[in-house]
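Number of protein chains: 2
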Amino acid sequence: MKHAIETQKSLPDEALALGQQLCFAVYSVAHAFNRTYKPLLDRFGLTYPQYLVLLALWQSDGITVKTLGTELGLDSGTLSPLLKRLEAAGFVDRTRDKSDERQVLVSLTDKGRDLKSEAFGILMEIGKATGCSMEEAGALRDTLTALTHQLDASFAGDKSG
Amino acid sequence: MKHAIETQKSLPDEALALGQQLCFAVYSVAHAFNRTYKPLLDRFGLTYPQYLVLLALWQSDGITVKTLGTELGLDSGTLSPLLKRLEAAGFVDRTRDKSDERQVLVSLTDKGRDLKSEAFGILMEIGKATGCSMEEAGALRDTLTALTHQLDASFAGDKSG
DNA sequence: CAAAATTAACTTGTGCACAATTTAATTTTG
DNA sequence: CAAAATTAAATTGTGCACAAGTTAATTTTG
Numbered sequence: 000m001k002h003a004i005e006t007q008k009s010l011p012d013e014a015l016a017l018g019q020q021l022c023f024a025v026y027s028v029a030h031a032f033n034r035t036y037k038p039l040l041d042r043f044g045l046t047y048p049q050y051l052v053l054l055a056l057w058q059s060d061g062i063t064v065k066t067l068g069t070e071l072g073l074d075s076g077t078l079s080p081l082l083k084r085l086e087a088a089g090f091v092d093r094t095r096d097k098s099d100e101r102q103v104l105v106s107l108t109d110k111g112r113d114l115k116s117e118a119f120g121i122l123m124e125i126g127k128a129t130g131c132s133m134e135e136a137g138a139l140r141d142t143l144t145a146l147t148h149q150l151d152a153s154f155a156g157d158k159s160g
Numbered sequence: 000m001k002h003a004i005e006t007q008k009s010l011p012d013e014a015l016a017l018g019q020q021l022c023f024a025v026y027s028v029a030h031a032f033n034r035t036y037k038p039l040l041d042r043f044g045l046t047y048p049q050y051l052v053l054l055a056l057w058q059s060d061g062i063t064v065k066t067l068g069t070e071l072g073l074d075s076g077t078l079s080p081l082l083k084r085l086e087a088a089g090f091v092d093r094t095r096d097k098s099d100e101r102q103v104l105v106s107l108t109d110k111g112r113d114l115k116s117e118a119f120g121i122l123m124e125i126g127k128a129t130g131c132s133m134e135e136a137g138a139l140r141d142t143l144t145a146l147t148h149q150l151d152a153s154f155a156g157d158k159s160g
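Quick mapping for you: the protein sequence lines, in order, are chains A and B. According to numbering that gives the first Met the number 0, the stretch in the first sequence is residues 0 to 160, in order. According to numbering that gives the first Met the number 0, the stretch in the second sequence is residues 0 to 160, in order.
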């Protein structure tokens with residue numbers, strides 16, 4: 000009697016297959032990117048999330064942990080220990096904001112700034128590994144960004160409405 | 000000599016912006032899916048990776064840890080503790096394979112099998128949250144799956160050649 | 001202005017994810 | 001057939017990711 004007369008419209012069994020799921024395709028490609036980045040970042044002693052933090056800082060140095068978190072979609076529970084490790088490795092400095100002692104300003108050291116020139120090389124390697132043209136990559140990126148916003152909106156919608 | 004003559008073409012600074020990166024779009028949508036699944040899975044006391052394991056088992060019950068790992072792209076270092084938790088929660092059983100004592104067979108309990116009927120509802124909720132038609136979702140899934148294979152192939156290619 | 005509410009960062013605890021190592025079983029080879 | 005190589009799981013150690021709770025600074029309000 001288990002899955003019974005079931006779902007009427009009766010989604011076929013294969014609808015549940017891993018290979019059918021968009022979420023699993025996303026999950027898998029995220030891991031694949033991680034694997035691809037790893038050897039490139041290992042040379043600098045960086046993890047992928049640490050590299051994302053540097054990408055953010057190369058665009059706007061000296062921002063708060065909060066701002067960094069907003070850009071990356073991470074909270075301080077993730078960022079605090081990560082930034083400590085980046086500081087220990089000599090890539091960033093963390094200083095209390097004099098005008099608001101609650102905040103901590105994250106800024107690049109010389110070592111952190113210097114690494115930026117290497118990032119262009121990493122970018123090219125990754126671009127090559129994807130096998131995508133700039134246009135394809137850009138289109139896919141925009142599709143995924145839109146999907147992220149759609150999912151976040153649905154999520155927020157569930158809480159209130 | 001690596002990427003050598005290189006930056007000649009001189010990628011502009013904005014090429015490094017987070018919003019420009021395909022990898023960051025992937026990273027972000029993966030987290031967005033996680034957030035969307037969380038309230039749906041919390042009701043059953045499941046995490047998202049645990050749910051993926053059940054999806055695999057609903058298609059083919061009684062497989063080895065190794066086979067499960069191949070399907071999910073995970074190793075025993077991740078799966079062993081995860082499966083222990085799934086067993087403790089009563090969703091699966093783990094038994095040594097009599098014909099090859101190295102292997103452990105993972106099979107669904109009644110409780111684990113029963114949960115399958117709920118999965119169709121989760122599928123629908125997620126589908127709704129993505130705001131995609133079946134066709135759009137399928138096309139995006141196929142694009143991402145192809146990209147995963149491309150990245151894995153580049154990765155493997157780096158090690159040998 | 002003082003009490004209450006809010007905010008930013010940090011801390012604690014749980015659960016992936018993965019590299020590296022260990023242990024035990026099986027297979028290959030000499 | 002025994003030694004060597006391989007294989008499957010599990011274990012250990014590091015680093016995210018996130019919920020929940022803490023602390024200290026700031027802002028809001030009565």
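Beta carbons are placed, not taken as given, at the ideal position from N, Cα and C, and that holds for glycine.
Can you name the start and end residues of the beta strand (DSSP E) that residue i belongs to?
| i | result |
| --- | --- |
| Leu15 of chain A | Run containing Leu15 of chain A: none; DSSP gives neither H nor E here. |
| Leu104 of chain B | Asp99 to Leu107 |
| Arg42 of chain B | Neither: Arg42 of chain B is in no beta strand (DSSP E) and is coded neither H nor E. |
| Asp96 of chain B | Val91 to Asp96 |
Going along the chain, which residues of its own chain have a beta-carbon closer than 8 Å to the beta-carbon of residue i, five neighbours each way excluded?
| i | result |
| --- | --- |
| Leu104 of chain B | Gly61, Ile62, Thr63, Arg93, Thr94, Arg95 and Asp96 |
| Phe43 of chain B | Leu114 and Glu117 |
| Gln7 of chain B | The predicted model places Gln7 of chain B with a pLDDT of 49, which falls under 50 and marks its position as unreliable; any figure quoted below should be read in that light. So no residue of the chain qualifies. |
With distances taken from CA atoms, which of the options is nearest residue i?
| i | options | result |
| --- | --- | --- |
| Glu124 of chain B | A:Tyr36, A:Asp12 and A:Gln20 | A:Gln20 |
| Asp113 of chain B | B:Trp57, B:Leu81, B:Phe32 and B:Glu86 | B:Trp57 |
| Ala88 of chain B | B:Asp99, B:Glu100 and B:Asp109 | B:Asp109 |
| Thr144 of chain B | A:Ser98, A:Pro11 and A:Ala31 | A:Ala31 |
| Ala24 of chain B | A:Asn33, A:Glu13 and A:Gln102 | A:Asn33 |
| Leu107 of chain A | A:Gly18, A:Leu85, A:Lys65 and A:Gly72 | A:Leu85 |
| Leu40 of chain B | B:Leu71, B:Leu82, B:Leu17 and B:Leu122 | B:Leu122 |
| Leu15 of chain B | A:Gly126, A:Leu73, A:Val28 and A:Pro80 | A:Gly126 |
| Gln49 of chain B | A:Arg101, A:Tyr50 and A:Leu17 | A:Leu17 |
| Val28 of chain B | B:Asp74, B:Glu70 and B:Leu139 | B:Leu139 |
| Pro11 of chain B | A:Glu134, A:Phe90, A:Glu13 and A:Phe119 | A:Phe119 |
| Gln149 of chain A | B:Leu67, B:Thr129 and B:Arg101 | B:Thr129 |
Would you give the residue range spanned by the alpha helix (DSSP H) that residue i belongs to?
| i | result |
| --- | --- |
| Thr77 of chain B | Ser75 to Ala87 |
| Gln49 of chain A | Tyr47 to Gln58 |
| Gly72 of chain B | It is not in any alpha helix (DSSP H) - Gly72 of chain B carries neither H nor E in the DSSP assignment. |
| Ser132 of chain B | Here Ser132 of chain B belongs to no alpha helix (DSSP H), and DSSP marks it neither H nor E. |
I'd like the list of long-range same chain contacts for residue i, defined as Cβ closer than 6 Å, with 5 residues on each side in sequence excluded.
| i | result |
| --- | --- |
| Tyr200 of chain A | Given a span of 0 to 160 for chain A in the structure shown, any question on residue 200 of chain A remains unanswerable. |
| Asp151 of chain A | none |
What does a CB cutoff of less than 7 Å around residue i pick up in its chain, not counting 5 residues either side in sequence?
| i | result |
| --- | --- |
| Gly68 of chain B | Asp74, Ser75 and Leu78 |
Beta carbons nearer than 8 Å to chain A: which residues of the stretch 72 to 105 of chain B have them? Gly72
Using a Cβ-Cβ cut-off of less than 8 Å, give me the residues of the stretch 16 to 40 of chain A that come near chain B, in sequence order. Ala16, Leu17, Gly18, Gln19, Gln20, Leu21, Cys22, Phe23, Ala24, Val25, Tyr26, Ser27, Val28, Ala29, His30, Ala31, Phe32, Arg34, Thr35, Tyr36 and Pro38
Tell me which residues of the stretch 132 to 150 of chain B have at least one Cβ-Cβ distance to chain A shorter than 7 Å, keeping chain order. Ala136, Leu139, Arg140, Thr142, Leu143, Thr144, Leu146, Thr147, Gln149 and Leu150
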